[in-house]
Amino acid sequence: MTMVRLAFRLFVVVVLARAVIGAHDAGAAEIDVWRDGDTVTFVTIIGTLDRGDEVRFRSAIAGLRQTIVSMHSPGGNLITGLEIGKTIRLRGFATAVIDGAMCVSACALAWLGGQTRLMGPTAFIGFHAASIDVGGIRRETGVGNALVGAYLTNLGLSEMAVYRLTEAPPDDEFALTPEIAADLGIDVVVLPPAGEEGGGQPPQAPMLPQAAVDFVRRHMVVGTRLGAQDAGQSAQAAYDDVVDYYGSKAISRDEVVASVVHYAMRYPRRSIDIVTIEDARCDGAVCAVSGIADFGAEAPERNVRSTGRIRFRFGLRHVGSGTFRIMVEEQEVLSRRSEPIDTRLERRVRAIQAHLARLGCDPGPVDGIWGQRSRQAAVRFRQATRSAISVDGPTTALLKELDAATFPVCQNPRYRFQDPVSRVRPRPLDEARSRTP
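Printed below as a string of structure tokens:
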């Protein structure tokens, strides 16, 4: 019998567990063992986790084998939660937060330790940054966050998941849902509501459009907070096998992922703010969501910041449990503005562009933005003058070398390379004339 199947038998003791829950919302943790014959054992942890509870937990589970640890706790001591989670993972136990229960902070970290993680449809599992009490005020602690990060990494969670689970401030909570867990690559099994042994049913029709909207919001916002590699992993999980993507029809998911990674590398700093959802509707398992959002993107190496407003449209395929795959993604740019990030660097770039224009190297507009056209103009200058100067960026060395050039080198044949296929070095014009009879 699989652990998921065994989890359904957890509801044999749900009534007993809930009776205890009602009396221990804020008290010290109680750790109890519930045996279901010789097949499986249930351990309940209910109440606030205090220092030393990890020792009591180890004592309670001594000798147990096939076990599900059900939790209901507002959190508590960080070290206790981490140690309980480590013990659960070491023993190969499953963890559960049943329908109507909550598991927050240190409790949520312990729950993540489960070899199989189970949650009820209305369970609340919340995460935030590690903190300490300073005069009655919760203050974030770097040491605590480092411990949490190491723990989550050892559990096999991605950088994206670690970031999301620790980004909320100590006085707030990041609620983990099955859909978010899927986005973050965290394996979760959704238990059926108490009294049912089915599970995994899709949301009712009136709820599906809202689930689609929630998915789109998470997809758009999470994508702006990731580095290129994690953005690619997120896209791999979000898109369907074949996608209509920004006007390109029926391209593969791998092509979409490559485009996402390229954009994330081109603009390392990105932001999105959804202004409004204009429409959300579903026809069977296919949903469409459209709206308006403000965006921002920065490329520090090119000294450019781009901001504006877009209208977006997503076509989604519901794959169950409120999770979707993107079949269509389109955007219409309503407004856009590009400007330099650093005004000092802007002045240098403008000076370089002005020199490149003076020298006939065609840098495009003199706008203070170091783009592909400016770089290509610098490459032409380097080739025309046989210089070894780096053109990877708008450096002061490049500016000095350009300033020293006195005539349009990019237009003067004397300083041009011939087609590299010929491999013949051109002679200066005056030398050619001197040999003319």
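According to mature numbering (1 follows the signal peptide of the UniProt record, and there is no 0), the stretch in the sequence shown is residues -28 to -1, 1 to 409, in order.
Note that CB positions come from ideal geometry on N, CA and C, so glycine has one too.
- The region 209 to 217 makes contact with the region 298 to 308; the number of CB pairs closer than 8 Å reaches 3 or more.
- Around the beta carbon of V15, 16 or more other beta carbons lie within 10 angstroms, which makes this residue buried.
- In this structure, Q303 lies away from R289, with their beta-carbon atoms at least 9 Å apart.
- Below 8 Å, too few C-beta pairs join the region 262 to 273 and the region 147 to 161 to call them touching: fewer than three.
- E311 and P380 have their C-alpha atoms spaced approximately 29 Å apart.
- In the three-state scheme derived from DSSP, where H, G and I count as helix and E and B as strand, Q87 is classed as coil.
- Contact between L81 and G57 holds, since their C-beta atoms are separated by about 6 Å, short of 8 Å.
- Taking 9 Å as the cut-off, the Cβ atoms of M192 and G157 do not count as close.
- Shown here for R89: same chain residues with a beta carbon closer than 6 Å to its own, the five before and five after excluded, namely T67 and V160 in chain order.
- CA-to-CA, the gap between V258 and L180 works out to about 10 Å.
- Less than 9 Å divides the Cβ of I51 from the Cβ of R23.
- Apart from the 5 residues on each side of it in sequence, A329 sits with its Cβ closer than 7 Å to the Cβ of P335 and V338 in its chain, given in chain order.
- By the neighbour-count criterion, in which a residue is buried when 16 or more other Cβ atoms sit within 10 angstroms of its Cβ, N275 is buried.
- Between the region 315 to 331 and the region 225 to 237 there are fewer than three inter-stretch CB-CB distances shorter than 8 Å, so the stretches are not counted as touching.
- Secondary structure of Y217 (DSSP, three-state): strand.
- In this structure, DSSP gives R274 a helical state, which the three-state scheme calls helix.
- Taking the C-beta atoms as reference points, A32 is found no nearer than 9 Å to V76.
- Of S42, G48, I40 and F187, the smallest CA-CA separation from G292 is found for F187.
- In the three-state reduction of the DSSP assignment, T149 falls in the coil class, being assigned neither a helical nor a strand state.
- The C-beta distance from G340 to V363 rounds to 17 Å, too long to fall under 8 Å, and the pair is not in contact.
- CA-to-CA, the gap between G256 and L198 works out to about 32 Å.
- The alpha-carbon of S346 is positioned some 7 Å away from that of Q325.
- In the DSSP assignment, T295 falls within the unbroken beta strand (DSSP E) covering T295 to E311.
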